[in-house]
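One structure is given below, encoded as structure tokens.
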Amino acid sequence: RVASAMSQYLPMGVPRHFTDSNLYFAHIQSQLTPQDRWEAQPSRHADGRFVLMLDGWLANREELIQALLLRSPRTRLPDSAILAAALLQWGDAALLRLHGSFALAWWDTAEHRLLLACDRTGGRALFYHQSGQRLYFANLLDTLLAHPDVPRELHAERVARTMFAHTLDLAQTCFRDVAQLEPAHKLVWTHEGVQVERYWRIDSHRRIRFAKDGDYVEAARALLDTVVAQSLRAEGVPLCHLSGGLDSTAVASTAARLHAPDMVHTMTYRPDAASSLPRPKKDRFYDEWPHAQTVVASYPNMVAHEVAPKFDWETLEQEYRAKVAVLGHPRLFFMTSVMGAESARLAKQLGAKAVLTGVSGNATLSASALSYHPYTRLGELPAALADVWRRLRLDASPSNWRKAAGCLLPPALRHWRDHLRTKHAPWQNTLPVREAVFEQIDMPSVWQDHIQGDTEIPWQLRSRVRLMERTWLARSAGTAARFHSGYETRDPLGDVRLAEFCLALPLNQFTRPGMDRALARRVLADRLPPLVLNERRVGRSFPEWFDWLTRSRPMFAAELDRIEASALGRELIDVPRLRAILDDWPTDATEADQHYQRLMWVLGGGVAMGAFLRWAEGSNQ
Numbered sequence: 036r037v038a039s040a041m042s043q044y045l046p047m048g049v050p051r052h053f054t055d056s057n058l059y060f061a062h063i064q065s066q067l068t069p070q071d072r073w074e075a076q077p078s079r080h081a082d083g084r085f086v087l088m089l090d091g092w093l094a095n096r097e098e099l100i101q102a103l104l105l106r107s108p109r110t111r112l113p114d115s116a117i118l119a120a121a122l123l124q125w126g127d128a129a130l131l132r133l134h135g136s137f138a139l140a141w142w143d144t145a146e147h148r149l150l151l152a153c154d155r156t157g158g159r160a161l162f163y164h165q166s167g168q169r170l171y172f173a174n175l176l177d178t179l180l181a182h183p184d185v186p187r188e189l190h191a192e193r194v195a196r197t198m199f200a201h202t203l204d205l206a207q208t209c210f211r212d213v214a215q216l217e218p219a220h221k222l223v224w225t226h227e228g229v230q231v232e233r234y235w236r237i238d239s240h241r242r243i244r245f246a247k248d249g250d251y252v253e254a255a256r257a258l259l260d261t262v263v264a265q266s267l268r269a270e271g272v273p274l275c276h277l278s279g280g281l282d283s284t285a286v287a288s289t290a291a292r293l294h295a296p297d298m299v300h301t302m303t304y305r306p307d308a309a310s311s312l313p314r315p316k317k318d319r320f321y322d323e324w325p326h327a328q329t330v331v332a333s334y335p336n337m338v339a340h341e342v343a344p345k346f347d348w349e350t351l352e353q354e355y356r357a358k359v360a361v362l363g364h365p366r367l368f369f370m371t372s373v374m375g376a377e378s379a380r381l382a383k384q385l386g387a388k389a390v391l392t393g394v395s396g397n398a399t400l401s402a403s404a405l406s407y408h409p410y411t412r413l414g415e416l417p418a419a420l421a422d423v424w425r426r427l428r429l430d431a432s433p434s435n436w437r438k439a440a441g442c443l444l445p446p447a448l449r450h451w452r453d454h455l456r457t458k459h460a461p462w463q464n465t466l467p468v469r470e471a472v473f474e475q476i477d478m479p480s481v482w483q484d485h486i487q488g489d490t491e492i493p494w495q496l497r498s499r500v501r502l503m504e505r506t507w508l509a510r511s512a513g514t515a516a517r518f519h520s521g522y523e524t525r526d527p528l529g530d531v532r533l534a535e536f537c538l539a540l541p542l543n544q545f546t547r548p549g550m551d552r553a554l555a556r557r558v559l560a561d562r563l564p565p566l567v568l569n570e571r572r573v574g575r576s577f578p579e580w581f582d583w584l585t586r587s588r589p590m591f592a593a594e595l596d597r598i599e600a601s602a603l604g605r606e607l608i609d610v611p612r613l614r615a616i617l618d619d620w621p622t623d624a625t626e627a628d629q630h631y632q633r634l635m636w637v638l639g640g641g642v643a644m645g646a647f648l649r650w651a652e653g654s655n656q
């Protein structure tokens, strides 16, 4: 039954099994890298004492091969063989030496010890259920739930907590007694029980100082080249997301430089031409295609593809249900599902198995030294004052003075100001759930933890670390989407080595008088055209959101009827509030922009939550 559930996601693969008196392993090999054709898992090592299963790939293969003195032909050496050698040599400490995306199971037949682990950046996930001495696990939640001994019972409070996107808590899934192994975590099972622990945290106290300013640029360029080059090891043609900002262009341009003269393909989202957009703003631009084209024109081996999704409710609904089936949790943005469908269609057409993105760039290479983290303690005020000084040296306009003053408000005054503005608790501005549910999931404590952050991290770095860790968690939450899309998303700018390097640099490498994101602009000066390099505006993804939402109003009204027909839907979702939003509709896209959270997060999120509940409850409506 479990093998059958696995096969529906990898229909071309053949399940392989391993059993002994204490264990059953089942594995289907995906063909992601050139070396995967030589995989034969579950694999046995050290004269059969150890058994390994690996889902994923290792980025630093060459470094590991040299450190382990492996002599097998590199082109045919599968990643599982390198991983097994590392575990045999270094034990669990090997996890700290591995880069890439992986989830592993390592069984010691002599000690009756099982190690499960996931990489540090959310590239892979594992789900598990413990029942007494028994442990069930899988890298896909739907596969785990297919086992007859694993309960498929929704946990109402966990579903509601999942919708709070500011901070992600993945340790418990939306299903009762089913947990997820988060990034940088390991699980050890023995006859004495199960122990889960975090094996790594990013070092926020490390510091890197060079003698010359240009040395920071050269070191960052070398590291950028390394992480992108390692991410290019995949079957099929290289394919990169390409927007008009610094992050995706950094990855795509670097890939083109490294892969030349062979071709690198790019895909750029464009707004739906049939949709009305908000009035242009001086700090935003809506169509990133012209910026992307200047990058493509700089590289003869770069081929551009535009992805321009069209509104179609049936496709939206089908794609959303398919995504939640593999992810096992509600997706916040219901409307963007069709974008993933268009990306998957292009990747399949080109034969790409991996798509490179720059999602983590804002926390690493293109980070700003400006902290968007409010100070919550008096001892943090000096750092907050220094941050305001940097902000004003960057931009001394009246509007920035007002923002700077707001940053220095004491916590109590800030809370009072926010209450006057919205008349709601801050979490109510983004969550579609009923008031009673806020109390059940203790949202005041969740919000306070979100605002305060990890006080062990220096205040001026806290917002960057929070953004980095949230990005890794979001990646882990969405990694199973590859079973639906047919391709894996790789994020070289979120590599641990680049993240730790950037976090250790002086703040003046990132923000200087008149120039924010200064490190990225200097690093990328040798590979990006001036239009992209000097752009200070922000490209806006999915600017047609309100047009699509307006065309969806009749369907949303019907969705709310279905939510009310569900006992769990009525218990969790504030349907009267969602109906009030539907009735009080903005006149145009420009007005709607002022109510984005209310429309997309509350209304759109509520509809998405209802669709997830119907899927989980087995409804076909």
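In our numbering, the protein residues as written are 36 to 656. Virtual Cβ for every residue (Gly too), placed ideally from N, Cα, C. Small disclaimer: the values here were computed from a predicted structure and weren't measured.
Residue nearest to leucine 133 within the set Arg111, Ile100, Leu391, Leu161 is Ile100 (criterion: CA-CA distance). The C-beta distance from threonine 546 to leucine 405 rounds to 6 Å, short enough to fall under 8 Å.
With respect to valine 223, leucine 150 sits close: the two C-beta atoms are nearer than 8 Å. Following the DSSP letters along the chain, one finds phenylalanine 137 inside the beta strand (DSSP E) bounded by residues 135 to 143. DSSP places glycine 375 in the uninterrupted alpha helix (DSSP H) bounded by 372 to 385. Annotation: cysteine 275 is outside any alpha helix (DSSP H); the continuous beta strand (DSSP E) that includes it extends over 274 to 276. The distance from the Cβ of leucine 533 to that of valine 299 is about 20 Å, inconsistent with a contact at the 8 Å cut-off.
Between the segment 298 to 314 and the segment 418 to 427, the count of C-beta pairs closer than 8 Å stays below three; the two stretches do not touch. Considering only Pro344, Arg187, Gly167, Phe199, the residue with the shortest C-alpha distance to alanine 509 is Phe199. By the C-beta density criterion, glycine 375 is buried, having at least 16 other C-beta atoms within 10 angstroms.
For lysine 221, the enclosing beta strand (DSSP E) covers residues 220 to 225. Across the set Asp154, Ala627, Met644, the C-alpha of Asp154 shows the shortest separation from the C-alpha of alanine 219. Histidine 408 sits buried, since 16 or more C-beta atoms from the chains shown fall within 10 Å of its C-beta. In its chain, beyond the 5 residues on either side, Arg187 have a beta carbon closer than 6 Å to the beta carbon of leucine 180. CA-to-CA, the gap between glutamate 626 and phenylalanine 581 works out to about 10 Å. By the C-beta criterion, the segment 394 to 405 is judged to be in contact with the segment 487 to 506, since at least 3 inter-stretch pairs fall below 8 Å. In this structure serine 288 touches arginine 562 by the C-beta definition: roughly 4 Å separates them, less than 8 Å. The residues Arg196, in chain order, have a CB closer than 7 Å to that of aspartate 204 in the same chain once the five nearest residues on each side in sequence are set aside. Within the model, the alpha-carbon separation for leucine 139 versus alanine 121 is close to 13 Å. In the DSSP annotation of this structure, alanine 75 is not part of any alpha helix (DSSP H), being labelled neither H nor E. Secondary structure note for tryptophan 92: its beta strand (DSSP E) is the uninterrupted segment 85 to 93. In this structure, DSSP gives leucine 351 a helical state, which the three-state scheme calls helix.
If you draw a straight line from the Cα of proline 446 to the Cα of asparagine 464, it is about 19 Å long. The alpha-carbon separation between alanine 308 and glutamate 352 amounts to approximately 21 Å.
Arginine 649 counts as buried, since no fewer than 16 other beta carbons sit within 10 angstroms of its beta carbon. Counting the other CB atoms within 10 Å of its CB gives lysine 358 a total of 16 or more, which places it among the buried residues. Residue nearest to serine 498 within the set Arg517, Ser403, Asn435 is Ser403 (criterion: CA-CA distance). Shown here for leucine 466: same chain residues with a beta carbon closer than 8 Å to its own, the five before and five after excluded, namely Ala195, Met198, Phe199, Phe473, Met478, Trp636, Val637, Gly640 in chain order.
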